[in-house]
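Peer 1: Pasting in a structure now, in C-alpha cells, and then I'll have a few things to ask.
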Amino acid sequence: MLPQGTDVAGYRVASVEPELTDQPTPDRMCGAVSSAITSPDHAPSAATRLTLRPVGETGQGESVVSYSFSEDDAKRVMKRIRAALPSCAHYNAWYADLYTRHGLRPAQPPYRVGDDRISYRRLDPPPGDASAGGSPVPMAPGPLQEPGRTTTFVRTGGVITRYPAAVPQAVVEDLTNRFRRAAPG
C-alpha cells in the first residue's frame, strides 16, 4: 500500500503491517460484518494496516485497513457488509478480561470519495455495563448509547478501505486517488 514514512495529506504513515484477516479487528467488529469481508468464497488477496499520525505528532495514531479483491468480489463484499449491518444491532465482545456488548447502526458516510461507501456507528453500553473476569456469558440486549465511533468502508475499484471517523476527508481523498492511479488499466 504505502511505505512507512510517506506523507498523506498532512499525516505520516507511522507503521505498515499485514492485517490478519481471520482475526477480529481492534474495535471488535461484529462477527457478521467481519465475516462479510473474510468469507472463504471471496477472501482478500492481501490486507494491510496503516497507522497514520498527523505530521510532527507522536502518539497511537489512527488505524486504516485496506483489503484487496478483484473488483467484482469487492462489490460483493460491500453488498454483504450492507446486508450484515441489521444483524449487528446488538452483539457481544470480549476484551482480554472484560465482556461487554455493542451495537452497530447504519450512518451517512462522511466521505464523498471512491466508488461505494458504507458507514456505521458503533453503539456502546452504559458505563459499568460489562462483566469482568471469568468466562464470557452472553449478555442480554439492553439499551445502548451514543456516542460510539463511526467507521466507514470506502471501495475504490477492488480495494476496500476501513477508516475510523478521526481520519479527515483529505487523507481519504489522497489514499483514494493513489489507489486509482495504481489500478491497472
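The sequence shown begins at 140 in my numbering and counts up one residue at a time.
All C-beta atoms, glycine included, are put in the ideal place defined by N, C-alpha and C.
According to DSSP, is Phe-318 helix, strand or coil?
Peer 2: Residue state, collapsed to three classes: helix.
Peer 1: Could you spell out the range, first to last residue, of the alpha helix (DSSP H) harbouring Ser-173?
Peer 2: 170 to 177
Peer 1: Which residue or residues does DSSP assign as beta-bridge partners of Phe-292?
Peer 2: Ile-257, Arg-301
Peer 1: According to DSSP, simplified to helix, strand and coil, what is Ser-226?
Peer 2: helix
Peer 1: Which value, in whole angstroms, describes the spacing of the CA atoms of Phe-210 and Met-140?
Peer 2: Contrary to the premise, residue 210 reads as Glu rather than Phe in this sequence. Cα to Cα, the separation comes out at about 17 Å.
Peer 1: Taking the beta strand (DSSP E) that Ser-202 belongs to, which residues open and close that run?
Peer 2: 201 to 207
Peer 1: Assuming contact is defined by CB atoms lying nearer than 8 Å, are Ala-309 and Gly-149 in contact in what I supplied?
Peer 2: yes
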